[in-house]
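Beneath this line is the structure, given in structure tokens, with notes to follow.
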Amino acid sequence: MSYPPDPNNPYNQPQQPQQPPQPGYGYPQQAPPAAGYGYPQQQPQQPPAAAYGYPQQQAYGYQPMPGTIQANNGYINIAQLGTVKLATMGQRFLARLIDCLAVGAVIALVMALGLAGALGIVKETDDCSQYSYGSISYSDCVQQQNDAAAGIFATMMIMVAVLGVFNLLYEWLMVSFVGATLGKMAMGLRVVKESTGQNPGLGGGFIRFIIPIVGAFVCYIGALLVYLSPFFDNSGKLQGWHDRAAGTLVIKK
1 MSYPPDPNNP
11 YNQPQQPQQP
21 PQPGYGYPQQ
31 APPAAGYGYP
41 QQQPQQPPAA
51 AYGYPQQQAY
61 GYQPMPGTIQ
71 ANNGYINIAQ
81 LGTVKLATMG
91 QRFLARLIDC
101 LAVGAVIALV
111 MALGLAGALG
121 IVKETDDCSQ
131 YSYGSISYSD
141 CVQQQNDAAA
151 GIFATMMIMV
161 AVLGVFNLLY
171 EWLMVSFVGA
181 TLGKMAMGLR
191 VVKESTGQNP
201 GLGGGFIRFI
211 IPIVGAFVCY
221 IGALLVYLSP
231 FFDNSGKLQG
241 WHDRAAGTLV
251 IKK
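Reminder that position 134 of the sequence shown reads as 134 in UniProt numbering, one-by-one numbering, no gaps.
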């Protein structure tokens with residue numbers, strides 16, 4: 001039985017299987033379907049790369065750089081200490097008040113001893129009015145009173161020197177080697193170097209101490225401004241001018 005010739009293949013030539021078109025210029029190559037239950041598998045999405053100017057998310061265990069304020073919430077990262085809380089101005093004021101009471105008690109004791117010595121010197125002098133002006137006893141009485149006045153002045157100067165040395169050693173040495181005075185200990189505060197987290201040492205402690213003392217020579221207004229200067233610190237670290245000069249921070253232990 002014969003069939004009419006195919007109009008598309010009048011000469012009955014064997015047909016070759018059609019090959020898929022090869023990708024060329026302008027023709028994207030389609031990827032073969034992935035194996036599965038008739039559904040193409042989705043490729044796992046890669047996390048977007050961090051663009052310039054956008055902060056990357058913190059990985060587990062990430063620690064910010066030392067000196068970094070944590071969202072301005074009063075916490076800061078310090079080397080060798082980790083994240084610690086900054087002391088508030090109220091806490092620092094109470095610590096300073098306790099220190100003033102402690103130093104004031106020592107000052108009162110020294111002044112009482114000096115006053116007692118001065119009164120003893122005054123009692124030893126005689127009233128020169130009972131002597132005649134031309135007598136030798138009168139001249140001796142006047143000389144004795146002059147010596148007593150000089151002794152009282154010397155006693156007052158010794159008191160001032162003792163109090164100055166005490167105040168220097170109290171504030172300087174305790175902050176340098178302990179990191180805190182009695183008032184700061186009572187409030188649980190500590191002065192540390194911002195770069196190392198350690199005690200300020202002799203150099204840092206002295207710089208931190210001497211700046212308010214220099215300001216006190218201007219009718220004590222300069223010292224008051226130094227102690228109030230943490231309010232003017234826009235970095236969030238509550239560093240006073242003396243803290244900035246010494247490179248220190250006051251933290252809550």
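Using N, Cα and C, we set each Cβ at its ideal position, and we do this for glycine too.
Practice item. Could you tell me the distance, in whole angstroms, from the CA atom of residue 88 to the CA atom of residue 238? Key: 8 Å
**Study point:** Cβ separation of residue 110 and residue 165, assumed to be a contact under 8 Å, to the nearest whole Å
**Key:** With 8 Å as the limit, residue 110 and residue 165 do not qualify as a contact, their Cβ atoms being about 11 Å apart.
Exercise for review: Run through the segment 162-219 for me and flag every whole beta strand (DSSP E) of 3 or more residues, listed as ranges in chain order.
Suggested key: 189-193
Point to revise | Status (buried if at least 16 other CB within 10 Å, exposed otherwise) for residue 60 | key: Residue placement at residue 60 is poorly supported in this model, since its pLDDT is 43, which falls under 50; the coordinates are not used for a value here.
Practice item. Answer yes or no: do residue 103 and residue 167 have a C-beta to C-beta separation smaller than 8 Å? Key: yes
**Study point:** residue 86 classed as buried or exposed, judged by whether at least 16 other C-beta atoms fall within 10 angstroms
**Key:** buried
Review point. Which residue comes first and which comes last in the beta strand (DSSP E) that contains residue 82?
Key: 82-86
Practice item. Please report how far the alpha carbon of residue 243 lies from the alpha carbon of residue 169, in whole angstroms. Key: 18 Å
Check your understanding: With burial defined as no fewer than 16 other Cβ atoms inside 10 Å of the residue's Cβ, what is the status of residue 175: buried or exposed?
Key -> buried
Exercise for review: Count the other CB atoms, across all protein chains shown, that sit within 10 Å of the CB of residue 228; report buried if there are 16 or more and exposed otherwise.
Suggested key: exposed
**Study point:** Delimiting residues of the alpha helix (DSSP H) encompassing residue 228
**Key:** 221-228
Review point. So what does DSSP say about residue 238, is it helix, strand or coil?
Key: coil
Practice item. Go through its chain and collect everything with a Cβ distance to residue 202's Cβ below 7 Å, but skip five positions before and after it. Key: 176
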